[in-house]
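K.L.:
Just so we're on the same page, the working numbering is the position in the sequence shown counted from 1, plus 17. Glycine included, C-beta positions come from ideal geometry on N, C-alpha and C. Sharing a structure with you now.
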Amino acid sequence: MAARRRQTLIGLVGLVMARPVLAQGRTVELIVPYPPGGGNDIGARALAPLLERELGMPVVVQNRPGAGSQIGMAQVARARPDGLTIAYGLWPQATTLYLDPARQPGFTRGSFTPLALHVTDPGAIVVRVDSPLRSLADLVAAAKARPDDFRMSDNGLLGHEHLASVRLQRLAGVTFNQVHFNGAGPALTALLGGQTEAAIFAVGTASAQMRQGATRALAVLAPQESPFLPGVPTARAQGYDIVAGSTRAFVAPAGLPPEVKDRLATALERAILSPEHAEKMRQLNIPITFQGPNGFAAYWEEEERTLRPLIEELAREGRTP
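Okay, here's the thing in structure tokens:
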């Protein structure tokens with residue numbers, strides 16, 4: 018009986034300690050582990066005001082780019098589990114960082130508390146609007162004509178864009194000069210500046226640039242054509258069975274008190290599923306594919322299971338750092 022009372026007292030103390038953390042006018046730091054201008058930055062800044070409203074406290078977006086999101090994600094993994102530091106990360110990038118045996122990122126899946134899956138945005142293969150390439154067949158022909166010289170950019174080593182490029186090279190029997198950047202912003206700058214000849218972006222990023230008349234998409238890396246890129250055929254329809262995309266989601270450090278986790282997860286769900294956010298994401302051409310903590314955790318576990326053998330194979334080939 019005494020032990021039961023002691024456990025109850027410990028639980029009440031935990032609740033009392035947890036509750037003030039998100040109720041004393043403190044600020045939630047939302048870490049975006051990529052530079053400004055990319056899909057993660059855009060998605061985080063679109064949601065931050067609504068999350069602030071739901072929590073009743075300031076939410077400040079901080080860009081912490083570098084090493085393919087490793088710097089920002091490691092910062093969150095090391096943070097105090099008090100609910101005041103969360104990350105808006107990118108998958109599979111967050112998973113491939115710790116699966117790569119050549120890296121020591123300072124975290125694994127167990128270093129984080131899953132909070133909410135926000136969007137899964139399919140990839141698209143993109144060229145500059147004045148490029149002579151009009152299809153994947155044109156791209157493959159150009160790469161075959163210049164082995165190891167055709168420059169394809171991605172948003173980061175072992176991200177979905179890089180892995181999709183590896184898949185295309187294997188299926189087409191070509192080798193690109195693969196150029197890795199720390200985020201979509203720098204990769205887009207390189208494409209528009211002519212430093213690279215093609216790139217893979219998420220549809221949300223690709224469609225925004227297409228609307229501005231700067232780029233043209235050759236293929237969508239999804240099972241069906243995207244409503245946000247009308248008329249752009251899938252890679253599968255052009256003979257290359259490639260399905261890839263970026264999943265953006267929210268995590269906190271491991272060890273988050275249950276009440277704090279529940280409050281953050283509930284606030285994120287309400288913000289993500291609000292009519293205002295749905296309209297904003299529609300304008301950005303980014304599809305909402307919300308999942309709560311349990312669904313996101315299951316997604317992450319399955320992704321890790323399927324990616325592990327591929328990353329090990331690439332490491333054996335010397336195609337990781």
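1. Compute the Euclidean distance between the alpha carbons of D155 and A236, then round it to the nearest angstrom.
2. Let me check one thing: in DSSP terms, what residues is V351 bridge-paired to?
3. Would you kindly work out how many angstroms separate the C-alpha atoms of V45 and Y51, rounded to a whole number?
4. Taking N194 as part of the alpha helix (DSSP H), name the residues at either end of that continuous run.
5. Return helix, strand or coil for F218, following the three-state DSSP convention.
6. Going by other Cβ atoms of all chains shown within 10 Å of its Cβ, with 16 needed for buried, is S152 buried or exposed?
7. Nearest by alpha-carbon distance to P310: which of L324, K297, T283, E334 is it?
8. Does A315 pass the burial test, meaning 16 or more other C-beta atoms within 10 Å, or should it be called exposed?
9. Between which two residues does the alpha helix (DSSP H) containing T323 stretch?
10. To the nearest angstrom, how far is it from the Cα of D166 to the Cα of S148?
11. Can you check DSSP and say which residues form a bridge with G270?
12. By how many angstroms is the C-alpha of I259 removed from the C-alpha of A181?
13. Going along the chain, which residues of its own chain have a beta-carbon closer than 6 Å to the beta-carbon of H179, five neighbours each way excluded?
14. From A223 to A84, what distance separates their C-alpha atoms?
15. Give the range of the beta strand (DSSP E) segment to which R168 is assigned.
16. Which stretch, first to last residue, makes up the beta strand (DSSP E) that contains R233?
17. For I103, which three-state DSSP category applies?
18. Measuring alpha carbon to alpha carbon, tell me which of A63, S86, I48 ends up nearest N80.
19. Using alpha carbons as the reference points, say which of I142, P247, Q186, G312 lies closest to A215.
20. Could you spell out where the alpha helix (DSSP H) holding I88 opens and where it closes?
21. For G140 versus L301, is the C-beta distance shorter than 7 Å?
22. Assess, as a yes-or-no matter, whether the segment 68-79 is touched by the segment 239-257 under the definition of 3 or more beta carbon pairs within less than 8 Å.
23. Drop a sphere of 10 angstroms on the beta-carbon of E321, count the other beta-carbons inside from all chains shown, and report buried for 16 or more, exposed for fewer.
24. Once the 5 residues before and after Q308 are set aside, which same chain residues still bring their CB inside 6 Å of it?
25. From the DSSP output, which residues share a beta bridge with A141?
26. Just how far apart, CA to CA, sit G230 and A162?
27. For T251, does the three-state DSSP call read helix, strand or coil?
28. Which residue or residues does DSSP assign as beta-bridge partners of V136?
29. Are the beta-carbon atoms of M169 and Q195 separated by less than 7 Å?
30. If I303 sits next to G60, beta carbons under 8 Å apart, how far is it from one beta carbon to the other, in whole angstroms?
31. Beta carbon of V144, beta carbon of V191: below 7 Å?
32. So, is G256 buried or exposed, given that buried needs 16 or more other C-beta atoms within 10 angstroms?
P.N.:
Checking against the coordinates, here is how it stands:
1. Position 138 of the sequence shown holds residue 155. Position 219 of the sequence shown holds residue 236. Between D155 and A236, the C-alpha separation is close to 12 Å.
2. The requested residue 351 does not occur in the structure, where the chain is confined to residues 18 to 338.
3. On the sequence shown, position 28 is the one that residue 45 refers to. On the sequence shown, position 34 is the one that residue 51 refers to. Their Cα atoms are separated by approximately 18 Å.
4. The sequence position of residue 194 within the sequence shown is 177, counting from 1. That residue, N194, is in no alpha helix (DSSP H); its beta strand (DSSP E) goes 194-197.
5. The residue labelled residue 218 in the question sits at position 201 within the sequence shown. F218: strand per DSSP, three-state reduction.
6. For the purposes of this step, residue 152 is taken as the residue at position 135 of the sequence shown. Classification for S152: exposed.
7. By one-based count along the sequence shown, residue 310 stands at place 293. Measuring from the Cα of P310, the nearest candidate turns out to be T283.
8. For the purposes of this step, residue 315 is identified with residue 298 of the sequence shown, where counting begins at 1. So A315 ends up on the exposed side.
9. Position 306 of the sequence shown, counted from the first residue, corresponds to residue 323. Unbroken alpha helix (DSSP H) run through T323: 310-333.
10. As a position in the sequence shown, residue 166 is number 149, starting the count at 1. As a position in the sequence shown, residue 148 is number 131, starting the count at 1. Cα-Cα distance, rounded: 16 Å.
11. As a first step, residue 270 must be located in the sequence shown, where it is residue number 253. It should be noted that the sequence gives Pro, not Gly, for residue 270. Partner(s): F129.
12. Residue mapping note: residue 181 aligns to position 164 of the sequence shown, counting from 1. Residue mapping note: residue 259 aligns to position 242 of the sequence shown, counting from 1. Distance between the alpha carbons of A181 and I259 is about 7 Å.
13. Your numbering for residue 179 matches position 162 in the sequence shown. The residues are D171.
14. As a first step, residue 223 is located in the sequence shown; it is residue number 206 there, counting from the start. As a first step, residue 84 is located in the sequence shown; it is residue number 67 there, counting from the start. Taking the straight line joining both Cα atoms gives about 23 Å.
15. Locating residue 168 in the sequence shown gives position 151, counting from the first residue. Start and end: 168-171.
16. Translated into positions along the sequence shown, residue 233 becomes position 216. Per DSSP, R233 belongs to the beta strand (DSSP E) from 232-238.
17. Here residue 103 corresponds to residue number 86 of the sequence shown, with the count starting at 1. If DSSP states are grouped into helix, strand and coil, I103 belongs with the strands.
18. As a first step, residue 80 must be located in the sequence shown, where it is residue number 63. Per the Cα distances, I48.
19. For the purposes of this step, residue 215 is taken as the residue at position 198 of the sequence shown. Of I142, P247, Q186, G312, the residue nearest in Cα terms is I142.
20. Against the sequence shown, residue 88 aligns to sequence position 71. Per DSSP, I88 belongs to the alpha helix (DSSP H) from 87-95.
21. In the sequence shown, the residue the question calls residue 140 occupies position 123. In the sequence shown, the residue the question calls residue 301 occupies position 284. It is not a contact, given that the beta carbons lie outside the stated cut-off.
22. no
23. In the sequence shown, residue 321 corresponds to position 304, counting from 1. The residue is buried, with at least 16 neighbouring Cβ atoms inside 10 Å.
24. Counting from one through the sequence shown, the residue named residue 308 turns up at place 291. So the qualifying residues of the chain are L134.
25. Within the sequence shown, residue 141 is the residue found at index 124, counting from 1. In DSSP, A141 forms a bridge with F218, V237.
26. Residue 230 sits at position 213 when you count from the first residue of the sequence shown. Residue 162 sits at position 145 when you count from the first residue of the sequence shown. Each residue's alpha carbon lies about 28 Å from the other.
27. Here residue 251 corresponds to residue number 234 of the sequence shown, with the count starting at 1. It is a strand residue.
28. Working through the sequence shown from its first residue, we reach residue 136 at position 119. V136 is bridged to R265, I305.
29. One-based indexing of the sequence shown puts residue 169 at position 152. One-based indexing of the sequence shown puts residue 195 at position 178. Yes, Cβ-Cβ distance for M169 and Q195 is below 7 Å.
30. Position 286 of the sequence shown, counting from 1, holds the residue named residue 303. Position 43 of the sequence shown, counting from 1, holds the residue named residue 60. Sure, about 7 Å apart at Cβ, within 8 Å.
31. Residue 144 sits at position 127 when you count from the first residue of the sequence shown. Residue 191 sits at position 174 when you count from the first residue of the sequence shown. No, the Cβ-Cβ distance between V144 and V191 is not below 7 Å.
32. Residue mapping note: residue 256 aligns to position 239 of the sequence shown, counting from 1. With fewer than 16 Cβ atoms within 10 Å of its Cβ, G256 is classed as exposed.
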